[in-house]
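The next block holds one structure in the form of structure tokens; read it before the comments.
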Amino acid sequence: MTDFLVIGGGIMGMLSSYALTQKGYSVQLLESQQCGREASWAGGGIVSPLNPWNYPASISRLTQFSQQLYPDLVNQLTDQTGIDPELYSTGMLTCQPAIEGGSNSSTIDQAVDWANQYDIELEILDQYAIGQLQPDLTSAISQGLWMPAVSNIRNPRLLKALKKAISQEPLISIQENCPVVELLLEGEKVQGAATKAGNFYAGNTLVTSGAWSQQLLGKAAAERSIWPIRGQMLLYKPGPKLLNTIVLSGNQYLIPRKDGHILVGSTLEDVGFDNTTTEQAYVELKAFAESMLPALADYPVIQQWAGLRPASPDGIPHIGPVANYENLFINAGHFRNGVVLAPGSVQVLIEQMLGEPTSLDCTAYQSISR
Ligand SMILES: Cc1cc2nc3c(=O)[nH]c(=O)nc-3n(C[C@H](O)[C@H](O)[C@H](O)COP(=O)(O)OP(=O)(O)OC[C@H]3O[C@@H](n4cnc5c(N)ncnc54)[C@H](O)[C@@H]3O)c2cc1C
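By numbering that gives the first Met the number 0, the letter at position 365 of the sequence shown is numbered 364, and the numbering carries on one by one without gaps.
As structure tokens, this is what we get:
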């Protein structure tokens with residue numbers, strides 16, 4: 000019998016499958032549509048939470064752990080598949096709202112305390128220093144918090160590399176266009192999952208179905224453990240390279256890719272499972288982009304898209320066993336941070352599934368288990 004049934008082929012499902020086979024376990028991966036086309040594809044790929052000082056310790060610890068795992072993962076996937084996910088160390092500048100007339104000293108104190116606590120490089124930049132760092136940015140930014148060590152990754156390429164790596168792996172069978180209709184629950188055990196193509200059985204079942212995970216778990220999860228929050232993005236490809244760093248202002252940001260593309264994000268919309276794009280988001284994001292980087296007004300938006308983030312209470316993901324079932328596990332609910340948190344989440348998930356000591360205290364990620 001297959002060792003693990005993995006339901007959902009986003010970053011969590013593919014990376015979990017990859018890691019399991021590296022330990023010698025067999026995996027059956029089931030995906031509703033095509034692997035790597037939902038939130039994990041739609042995301043911006045910032046390898047850090049936005050305003051990371053606003054998060055609880057459980058997220059800061061997991062972030063730091065995960066960030067450290069990224070370079071080796073990217074090198075391994077690039078060597079194995081020839082696809083480079085382009086981990087790009089750009090730093091991240093968080094503009095402070097002094098330009099809007101408010102006092103920001105408490106945010107700065109909070110950020111500095113957080114950086115000291117986690118030994119993270121963070122500088123307070125004034126208007127002149129921001130101009131030196133990023134000459135094409137609007138001169139209206141009077142103060143910013145600069146984290147030089149933050150990277151971004153080209154998440155669609157990361158997914159492409161992961162898919163190629165797992166497709167080459169003899170221990171993994173991938174079934175796409177195969178939505179799981181329900182879990183086959185029997186007493187305290189899960190036998191597997193039912194699909195229109197038949198039932199799939201395995202020793203253990205892992206739910207990595209992103210925003211759809213709650214639907215699948217049904218009564219095995221408390222209400223509103225995971226729900227969809229839509230995010231929309233725009234893409235520019237200006238001729239000259241206009242941006243070198245990630246720039247965040249409020250909830251919106253600009254992300255530079257290595258080849259000069261600039262991504263603009265994002266919206267936070269509670270609209271259920273609707274992942275269509277809207278004119279309103281287009282207008283808002285375009286106005287934001289051009290206010291921050293005026294030269295962008297000379298270039299067209301070349302793409303707009305939307306994705307459904309798997310939101311969870313306080314944005315804390317569910318990673319570990321599902322309560323009352325001895326062989327049912329979850330790795331979902333990473334909300335705005337699933338790309339940065341993926342390598343660390345998968346590692347502590349697998350440690351829990353295999354009954355090994357965990358690299359971090361996982362209590363905070365086990366709310367579905369309690
Ligand atoms: C606009 C936007 C910007 C973002 N920016 C960032 C960022 O900069 N940095 C960051 O760290 N994170 C970011 N995120 C968040 C991040 O993308 C998500 O947290 C992460 O991708 C979630 O991964 P996942 O594998 O859990 O979900 P998904 O990628 O959604 O994968 C779940 C998969 O499960 C499949 N599935 C669902 N139901 C079933 C079923 N019944 N049977 C079989 N398969 C099923 C789906 O088809 C899907 O492929 C962003 C998200 C969005 C939308």
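Backbone N, C-alpha and C define an ideal beta-carbon position, used for all residues, glycine too. Since the model is a prediction, treat every value here as computed from it, not as a measurement.
Heavy atom of ligand 1 less than 8 Å from the Cβ of Ser-105, yes or no? As a first step, residue 105 is located in the sequence shown; it is residue number 106 there, counting from the start. Checking the Cβ of Ser-105 against ligand 1 gives no.
Using the Cβ count rule (16 or more neighbours within 10 Å means buried), how would you classify Leu-124? Within the sequence shown, the letter at position 125 stands for residue 124. Classification for Leu-124: buried.
To the nearest angstrom, report how far apart Leu-292 and Gly-143 are at their CA atoms. Residue mapping note: residue 292 aligns to position 293 of the sequence shown, counting from 1. Residue mapping note: residue 143 aligns to position 144 of the sequence shown, counting from 1. Going from the Cα of Leu-292 to the Cα of Gly-143 covers about 15 Å.
Secondary structure at Arg-229, three-state DSSP: helix, strand or coil? By one-based count along the sequence shown, residue 229 stands at place 230. In this structure, Arg-229 counts as strand in the three-state DSSP scheme.
If you check the beta carbons only, do Glu-175 and Gln-67 fall under 9 Å apart? On the sequence shown, position 176 is the one that residue 175 refers to. On the sequence shown, position 68 is the one that residue 67 refers to. The answer is no: Cβ separation not under 9 Å.
Reference Glu-85; option with closest CA among Leu-29, Arg-60 and Arg-153: The residue you call residue 85 lines up with position 86 of the sequence shown. Checking every option, the nearest Cα to that of Glu-85 belongs to Arg-153.
Closer than 8 Å to a non-hydrogen atom of ligand 1 - does that hold for the CB of Glu-120? The count along the sequence shown starts at 1 and reaches residue 120 at position 121. Not under cutoff, so the answer is no.
Ile-367: first and last residue of the uninterrupted alpha helix (DSSP H) it sits in: Your numbering for residue 367 matches position 368 in the sequence shown. Run containing Ile-367: none; DSSP gives neither H nor E here.
Taking three-plus beta-carbon pairs below 8 Å as touching, is the stretch 204–220 in contact with the stretch 180–188? yes
How about Gln-214: is its Cβ closer than 8 Å to a heavy atom in ligand 1? Against the sequence shown, residue 214 aligns to sequence position 215. The answer is yes for Gln-214.
Three or more C-beta pairs closer than 8 Å, one from the stretch 6–25 and one from the stretch 335–353: is that the case here? At 8 Å Cβ cutoff, the stretches touch.
Distance, Arg-308 Cα to Gly-209 Cα: Here residue 209 refers to the residue found at position 210 when the sequence shown is read from its first residue. Here residue 308 refers to the residue found at position 309 when the sequence shown is read from its first residue. Cα to Cα, the separation comes out at about 7 Å.
Under DSSP, the alpha helix (DSSP H) around Thr-62 begins and ends at which residues? Sequence index remark: in the sequence shown, residue 62 carries index 63 (1-based). Element bounds for Thr-62: 56–80.
Neighbour-count burial assignment, Val-338, 16 or more Cβ in a 10 Å radius: Position 339 of the sequence shown, counted from the start, is the residue given in the question as residue 338. The residue is buried, with at least 16 neighbouring Cβ atoms inside 10 Å.
Closest to Val-246 by CA distance: which of Ala-38, Ser-47 and Glu-30 is it? The residue you call residue 246 lines up with position 247 of the sequence shown. For the residues Ala-38, Ser-47 and Glu-30, the minimum Cα distance to Val-246 belongs to Ser-47.
How far does the alpha helix (DSSP H) with Met-13 in it reach, from first residue to last? Locating residue 13 in the sequence shown gives position 14, counting from the first residue. Residues 10–21.
Any contact of the stretch 251–263 with the stretch 222–236, i.e. 3+ C-beta pairs under 8 Å? yes
What does the alpha-carbon distance come out to for the pair Tyr-54 and Asn-336? Taking the sequence shown and counting its residues from 1, the one referred to as residue 54 is at position 55. Taking the sequence shown and counting its residues from 1, the one referred to as residue 336 is at position 337. Their Cα atoms are separated by approximately 11 Å.
With distances taken Cα to Cα, identify the nearest neighbour of Ala-219 among Leu-132, Ser-366 and His-333. Here the question's residue 219 lines up with position 220 in the sequence shown. Ala-219 has its Cα closest to that of Ser-366, out of Leu-132, Ser-366 and His-333.
C-alpha gap between Pro-147 and Trp-211, whole angstroms: The residue you call residue 147 lines up with position 148 of the sequence shown. The residue you call residue 211 lines up with position 212 of the sequence shown. Distance between the alpha carbons of Pro-147 and Trp-211 is about 35 Å.
Would a C-beta distance cut-off of 9 Å place Gln-95 and Ser-141 closer than the cut-off? Reading the sequence shown from its first residue, position 96 is the one you call residue 95. Reading the sequence shown from its first residue, position 142 is the one you call residue 141. Contact flag set, yes.
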